[in-house]
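In what follows, a single structure is set out as structure tokens and then discussed.
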Amino acid sequence: MKLTDFYKFAPLNDLRARMGIPSDVYGTLTITISAAKLTPDELDRLYEGDGLEVGFDEINIHDDGTLIYKNARVLLYIRDVHQYQEQVSLPKYHLAHCPVLKNMSEIGRSHRYLISARVDGIFRLNVFRGDRMKTQNQTLNVCQHCLSTLEFNGFKNNLTRPERTLHVNAFTPANFFEQYPRLLDGTGYGGGDVTPINAYPADFARISTLVRTVAGWRCQEATCKYDCSSPALRQYLHVHHLNGNRADSGRKNLKAVCVECHAKQPKHSHVKNTPQYQAFMRIRYGR
Numbered sequence: 493m494k495l496t497d498f499y500k501f502a503p504l505n506d507l508r509a510r511m512g513i514p515s516d517v518y519g520t521l522t523i524t525i526s527a528a529k530l531t532p533d534e535l536d537r538l539y540e541g542d543g544l545e546v547g548f549d550e551i552n553i554h555d556d557g558t559l560i561y562k563n564a565r566v567l568l569y570i571r572d573v574h575q576y577q578e579q580v581s582l583p584k585y586h587l588a589h590c591p592v593l594k595n596m597s598e599i600g601r602s603h604r605y606l607i608s609a610r611v612d613g614i615f616r617l618n619v620f621r622g623d624r625m626k627t628q629n630q631t632l633n634v635c636q637h638c639l640s641t642l643e644f645n646g647f648k649n650n651l652t653r654p655e656r657t658l659h660v661n662a663f664t665p666a667n668f669f670e671q672y673p674r675l676l677d678g679t680g681y682g683g684g685d686v687t688p689i690n691a692y693p694a695d696f697a698r699i700s701t702l703v704r705t706v707a708g709w710r711c712q713e714a715t716c717k718y719d720c721s722s723p724a725l726r727q728y729l730h731v732h733h734l735n736g737n738r739a740d741s742g743r744k745n746l747k748a749v750c751v752e753c754h755a756k757q758p759k760h761s762h763v764k765n766t767p768q769y770q771a772f773m774r775i776r777y778g779r
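The sequence shown begins at 493 in my numbering and counts up one residue at a time.
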């Protein structure tokens, strides 16, 4: 494709002459990206890449308790870990201002953290053994204190150990970001051509809980009606947008469905590939 050379484009030059603009004068274009919003590079590194290294003082706390970097919710974890003999103590990743993070801040432990907003649960670690270091991608467990801080899908510290383990094993960043959208304003770094990755309203977590509570924590599919009212099962009850538009969170467009029924909805077959779906199928059918 050959691009037009507007320096030699006759219609434009004729218009410039009629406007009295000298032929050797050209304007300047200045693009300003707000420092309070993610740049294109930051978006790419948070959503698809290895994350961003930040200090804890660069993280803000949302009113709902989640962790914010510029205009995005993020997951936070300590990147550098040490291997002793064959054992590596893997860190937990954080998604809320939980007691662990509060304590580390109060006692002045100044770690450099990595933040990520990937939905696949993969985190980049630097693993040190003596004076050697290797970088590897690793799945990590979510911090239980964070789940308790948000009471995510009914999680509380006073659940039994098996119940807490069930929650942790079923938890995925994708499920978290469904309830707590990654972008606070739905528009990346402010460019008009950016498609929102999540267009849920900012208070969707509250809306989701309300919809499921009104449904009695039961799947609303007529052929299912599975009871998810047990605290350990609440995470398996999703809220589905009937018209596929996440921004339309009016009551008539929302339906509480179990994760199995959610996977059967149009364009939702990807749900079957999630650990949460597989955990639910084992609970429900013993497989």
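Beta carbons: idealized from backbone N, C-alpha and C, even for Gly.
Only a predicted model underlies this, so the values are computations on that prediction, with no experimental measurement involved.
- Kindly indicate which residue of 760, 752, 758 and 539 has the alpha-carbon position closest to the one of residue 772. The residue given as residue 772 occupies position 280 in the sequence shown. The residue with the shortest Cα to Cα distance from residue 772 is 752.
- Within the same chain, show all residues whose beta-carbon is closer than 8 Å to that of residue 640, passing over the 5 residues directly before and after it, in chain order. Residue 640 sits at position 148 when you count from the first residue of the sequence shown. If we look at residue 640 and ignore the five residues flanking it on each side, its Cβ neighbours are 590, 647, 648 and 649.
- Considering residue 768, what are the terminal residues of the alpha helix (DSSP H) in which it resides? As a position in the sequence shown, residue 768 is number 276, starting the count at 1. Note, residue 768: alpha helix (DSSP H), 767-777.
- Own chain partners of residue 775 with C-beta closer than 6 Å, once the 5 adjacent residues on each side are dropped: Here residue 775 refers to the residue found at position 283 when the sequence shown is read from its first residue. Cβ within range, chain order: n/a, list empty.
- Locate the alpha helix (DSSP H) running through residue 751, then write down its first and last residues. Your numbering for residue 751 matches position 259 in the sequence shown. 751-755 is the span of the alpha helix (DSSP H), which, as asked, contains residue 751.
- So is residue 614 buried or exposed if we call it buried at 16+ other beta carbons inside 10 Å? Start at 1 with the first residue of the sequence shown, and residue 614 comes out as number 122. Residue 614 should be labelled exposed.
- Task: Check residue 696 in the structure and name its three-state DSSP category.
- Result: To locate residue 696, count along the sequence shown from 1; it is residue 204. Three-state DSSP puts residue 696 in a helix.
- Element boundaries [beta strand (DSSP E), containing residue 621]: One-based indexing of the sequence shown puts residue 621 at position 129. That run of the beta strand (DSSP E) goes 614-621.
- Query: In chain order, which beta strand (DSSP E) runs of at least 3 residues are fully inside the stretch 715-743?
  - Reply: 729-733
- Message: Please state the DSSP three-state secondary structure of residue 565.
- Response: For the purposes of this step, residue 565 is identified with residue 73 of the sequence shown, where counting begins at 1. Annotated three-state conformation of residue 565 is strand, per DSSP.
- Assigned secondary structure, residue 556 (DSSP; H/G/I helix, E/B strand, else coil): Working through the sequence shown from its first residue, we reach residue 556 at position 64. The answer is coil: DSSP assigns residue 556 none of H, G, I, E or B.
- Who pairs with residue 575 in a beta bridge, going by DSSP? Working through the sequence shown from its first residue, we reach residue 575 at position 83. Bridge partners of residue 575: 580.
- Query: What is the residue span of the beta strand (DSSP E) that residue 546 lies within?
  - Reply: Stepping through the sequence shown from its first residue, residue 546 is reached at position 54. 544-547 is the extent of the beta strand (DSSP E) around residue 546.
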